[in-house]
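Here numbering that gives the first Met the number 0 is used: the first residue of the sequence shown is 0, the next is one more, and so on. Below: the structure, in C-alpha cells.
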Amino acid sequence: MKLKFVLLFLLANLYLSAFAQKNKSSALLPRPKLVVGIMVDQMRWDFLYRYYDRYQNGGFKRMLNEGFTCENTYIDYIPSVTGIGHTTVYTGSVPAIHGIAGNEFIEQTTGRSIYCAEDSTVQTVGSTNLTVGKMSPRNMLSTSITDELKLATNFRSKVIGIAIKDRGGILPAGHSADAAYWFDGSTGNWVTSTYYMKELPTWLKAFNDQKLPEKYLKQDWNTLYPINTYLQSTADDSKYEGKFLGTTAPTLPLKTSQMMSRGVGMVSSTPYGNSITLDLAKAAIDNEGLGSDAITDLLAISFSSPDYIGHQFGPNSVEIEDTYLRLDRDIANLFDHLDVKVGKGNYSVFLTADHGVANNANFLLDNKIPAGLYATGGLLQTLNNQLEKDYKTKNMVLSFGNYQVSLNNTAIAANKLNETDIRKKIIAFLQKQKEVAFAIDINEVQTASIPEVYRSKIINGYNKERSGVIQIILKPGIYSGFSATGTTHGSLAPYDTHIPLLFMGWGIKSGKSNISYNMSDIASTVSALLRIQEPNGNIGKPITEVLK
C-alpha cells in the first residue's frame, strides 16, 4: 500500500511538472529568436528582376519564393541618400522628425556642415586612425526599432550593427546597441567607438588578425561567368564607367592583387566588400550567440559596396551585374548559416535598400532618352556674385547640397537683410536654369503649383534646424554632378526612390503585394511582428499583408 502511494505521488509530480513546463512554454510571448535586417546600399527595386534568371535559389529567389515581397515600396522624402535611408528604415520616421537630413547637412543657426554620424566626444576603438571612430548615433533624434526592442525586453536583447560605411552600421543599430562595427580602409580593420565599448571583443581582434581584405584582393576580380554572357550590361569597355586609379580602362578582370600597395581600402569598391561584411556578420552570430535563446536579438547588416561600385560604373555596367550575382550568393550563404545556427523558422529577415540610382546621363542621351548633368559649383558662385551686388554681402548662399539652398543666416542677420526678398531672388535665378523643374520656398510649399506627391516628400524631408529653405527639383533624368562617368542618386524620381522590400521567416506569410507602401512603413511592420512599441518618431503604418 505504501509503495502504491509512493508511485502515485511520483506520477502526480511528473504530471504536474510536465503541465507546468507546458504552461511555461505557452506563456512565453511568441517571437523569433533573431531578426536580421539587410540593407543593400543603392539597390534599385528592378535589380530583383533585372538579373533574376541568373540568381541562385538560396538568395534573392529564396526571399521572393518563400517570403513576402512588397513590389511598390517608395522613399517618402527628399533627398534620397544613404544616411537618411538607413535612419528612416529603422525609425519609421523622416528627416523632419528624426533629424538625419542628409549624409552631411548644414546646421542652420551656425552654417556649420555636420556629418550625420559624427561625434567629437568619442574616440576610435580598434585602430590607430584617430578620426575613423569618432562616430555615434547622437545626431539621430528619435528611437529606432532596435531601441524599442531593447526597451521591450528590459535590455536583455542583443543588438549589433555592421556595415563598411560607419553610418550604415551606426544609425540602424540605434542609441542603445551593444555594438556597431564599420570598416577602416586605412588599416583593413573593423572598428567601433568608445560610445559602445573601450576595446574590441577578443573574437573581433582575432577576426581582424585574419587580414581578410588582403586575402580577397589577392584573388583579383574576375566575372563569375564568361563576360560575353553578361547580356544585361553595356560593353565592358564603356565611356560611361569610371576607371580605377592607375588602370587604363574600366574593365574586368581587375588585377586587385597588383593594386594592394595603394591600400586595402579599395576592397570596398569590389564585390569582396560584401563578402567581408558577410564574414563579419557570421562571426558576430557565432561569437555573440545571436538567436541562441528565447530573448529576441537583432542584427542589422548593410552591404555598402554596391553603392561604391554603382557610383563608379553606373547601373548598366558588367561590374554592377557581377556585383549582384555575387551578392546573391553571399546572401544565400548567410541564410544557410542562419538555418544551421538559429534554425530555419526561428528567425525573421527583411531586406530593403536605402535608395536607388539614376542611369548615367550620357548613356541615356546616347540612347535618345532625355537626361543631363546639373553642375552646381559654378552656379553657386554666379548666384553669390549676383546677390553680393544686390546686398553688399559675400557668400549669402552656403550650399546647394541635398538639392536644397542653405542660406548664410549669420550674415543675413548681422546685416539686417530681408530674407523673404533674398529667397524670391534666388528662386527667380534658379527657375531660369533649364535643368530645374521647380524651385520651392519651404514656407510656400503648401500652395506651390507642384504635384501632391512632391509636396509631401518635400515636407517630410525638411528639418528646420538642418535643411535648406529652398528645395530644388530637377527635371527627370538630370542629376547634380559634373562627371561624364558613373552616376549618383538623391532625387524624388522612381529610379532613386523605388526600393525592394522583402520579408521572410518566422511570422511572415508567403506572397506578394502590388499595393504602394512607404519606406517609413518598415519599422511599424517589424514592431508589429515583434509586438513592441513602434519608435517614438514613427509615422509609418504596419504592412499587415506581410504578417501571419
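Glycine residues also receive a C-beta, built at the ideal position from the N, C-alpha and C atoms.
When DSSP labels each residue in this structure, what does residue i get in the three-state scheme?
i: Met-139; result: coil
i: Glu-70; result: strand
i: Thr-524; result: helix
i: Asn-64; result: helix
i: Thr-446; result: coil
i: Tyr-548; result: The chain is shown from 0 up to 547; residue 548 falls before or after that span and cannot be answered.
i: Gly-504; result: strand
i: Gly-125; result: coil
i: Arg-111; result: strand
i: Ile-472; result: strand
i: Met-196; result: coil
i: Met-259; result: helix
i: Leu-363; result: helix
i: Lys-23; result: In this prediction, Lys-23 has a pLDDT of 44, which is less than 50 and means its spatial position is unreliable; nothing more can be read from the coordinates.
i: Phe-104; result: strand
i: Val-266; result: helix
i: Ala-299; result: strand
i: Thr-86; result: helix
i: Asn-535; result: coil
i: Val-545; result: helix
i: Thr-120; result: coil
According to the Cβ coordinates, are residue i and residue j closer than 8 angstroms?
i: Gly-506; j: Ser-347; result: yes
i: Pro-305; j: Asp-40; result: yes
i: Val-88; j: Thr-276; result: no
i: Ile-77; j: Ile-477; result: no
i: Ile-319; j: Ile-308; result: yes
i: Ser-185; j: His-354; result: no
i: Leu-326; j: Ile-161; result: no
i: Ser-554; j: Ser-268; result: What the structure shows of the chain is the stretch from 0 to 547, and residue 554 is not part of that stretch, so it cannot be assessed.
i: Ser-523; j: Gln-532; result: no
i: Ser-482; j: Ile-105; result: no
i: Asn-207; j: Trp-181; result: no
i: Tyr-229; j: Thr-222; result: yes
i: Ala-283; j: Ile-469; result: no
In terms of residue numbering, what span does the beta strand (DSSP E) encompassing residue i cover?
i: Asn-513; result: 510–517
i: Asn-383; result: Here Asn-383 belongs to no beta strand (DSSP E); instead the alpha helix (DSSP H) covers 375–390.
i: Glu-287; result: Element bounds for Glu-287: not the beta strand (DSSP E) but the alpha helix (DSSP H), 271–287.
i: Gly-36; result: 33–39
i: Asn-345; result: Taken as a continuous stretch (DSSP letters only), Asn-345 belongs to no beta strand (DSSP E), as it is neither H nor E.
i: Tyr-478; result: 477–479
i: Leu-397; result: 396–398
Please report the straight-line C-alpha distance between residue i and residue j, rounded to a whole angstrom.
i: Gly-489; j: His-310; result: 12 angstroms
i: Ala-234; j: Asp-321; result: 13 angstroms
i: Ile-113; j: Pro-225; result: 45 angstroms
i: Ser-24; j: Thr-152; result: Only weak support is given to the placement of Ser-24: the predicted model assigns it a pLDDT of 45, under 50, and the value that follows is read from those uncertain coordinates. Taking the straight line joining both Cα atoms gives about 17 angstroms.
i: Gly-290; j: Phe-67; result: 22 angstroms
i: Val-432; j: His-497; result: A small fix is needed here, since residue 432 is Gln in this sequence, not Val. Cα-Cα distance, rounded: 27 angstroms.
i: Lys-554; j: Lys-508; result: The chain is shown from 0 up to 547; residue 554 falls before or after that span and cannot be answered.
i: Glu-147; j: Thr-484; result: 43 angstroms
i: Tyr-51; j: Thr-109; result: 49 angstroms
i: Ile-37; j: Glu-418; result: 44 angstroms
i: Gln-218; j: Ile-521; result: 38 angstroms
i: Gly-101; j: Ser-119; result: 19 angstroms
i: Gln-122; j: Glu-434; result: 43 angstroms
i: Asn-227; j: Leu-251; result: 12 angstroms
i: Ile-471; j: Ile-96; result: 21 angstroms
i: Pro-136; j: Lys-367; result: 44 angstroms
i: Pro-493; j: Asn-414; result: 42 angstroms
i: Leu-129; j: Pro-249; result: 33 angstroms
i: Leu-33; j: Phe-46; result: 27 angstroms
i: Gln-20; j: Lys-133; result: Summary for Gln-20: the model assigns pLDDT 47, below 50, so the residue's position carries little reliability, and this model does not support an answer.
i: Thr-193; j: Lys-281; result: 23 angstroms
i: Asn-22; j: Pro-29; result: Low confidence applies to Asn-22: its pLDDT is 44, below 50, so where it sits in the model is not reliable, and the reading given next is rough at best. So the two alpha carbons sit approximately 13 angstroms from each other.
i: Val-356; j: Met-42; result: 7 angstroms
i: Ser-479; j: Gly-262; result: 30 angstroms
Could you please give the first and the last residue of the uninterrupted alpha helix (DSSP H) stretch that includes residue i?
i: Ile-309; result: It should be pointed out that residue 309 corresponds to Gly in this sequence rather than to Ile. Taken as a continuous stretch (DSSP letters only), the alpha helix (DSSP H) holding Gly-309 covers 304–312.
i: Ser-455; result: 451–460
i: Asp-440; result: Not the alpha helix (DSSP H): Asp-440 falls in the beta strand (DSSP E), residues 435–440.
i: Phe-182; result: Here Phe-182 belongs to no alpha helix (DSSP H); instead the beta strand (DSSP E) covers 178–183.
i: Gly-168; result: 165–172
i: Val-317; result: 317–337
i: Ile-426; result: 418–429
May I ask whether a heavy atom of the ligand FMN can be found less than 7 angstroms away from the beta carbon of residue i?
i: Ser-303; result: Judged by which ligands are present, the structure shown has none, so any question about the ligand FMN falls away.
Discussion item. Under 8 angstroms: do the stretch 141–154 and the stretch 168–181 share three or more Cβ pairs, one atom per stretch?
Written reply: yes
Quick check: the stretch 297–304 against the stretch 188–202, are at least 3 beta-carbon pairs closer than 8 angstroms? no
Do the stretch 515–527 and the stretch 401–410 touch if we need at least three Cβ pairs shorter than 8 angstroms? no
Could you say if the stretch 63–78 and the stretch 331–344 meet the contact criterion of at least three C-beta pairs nearer than 8 angstroms? no
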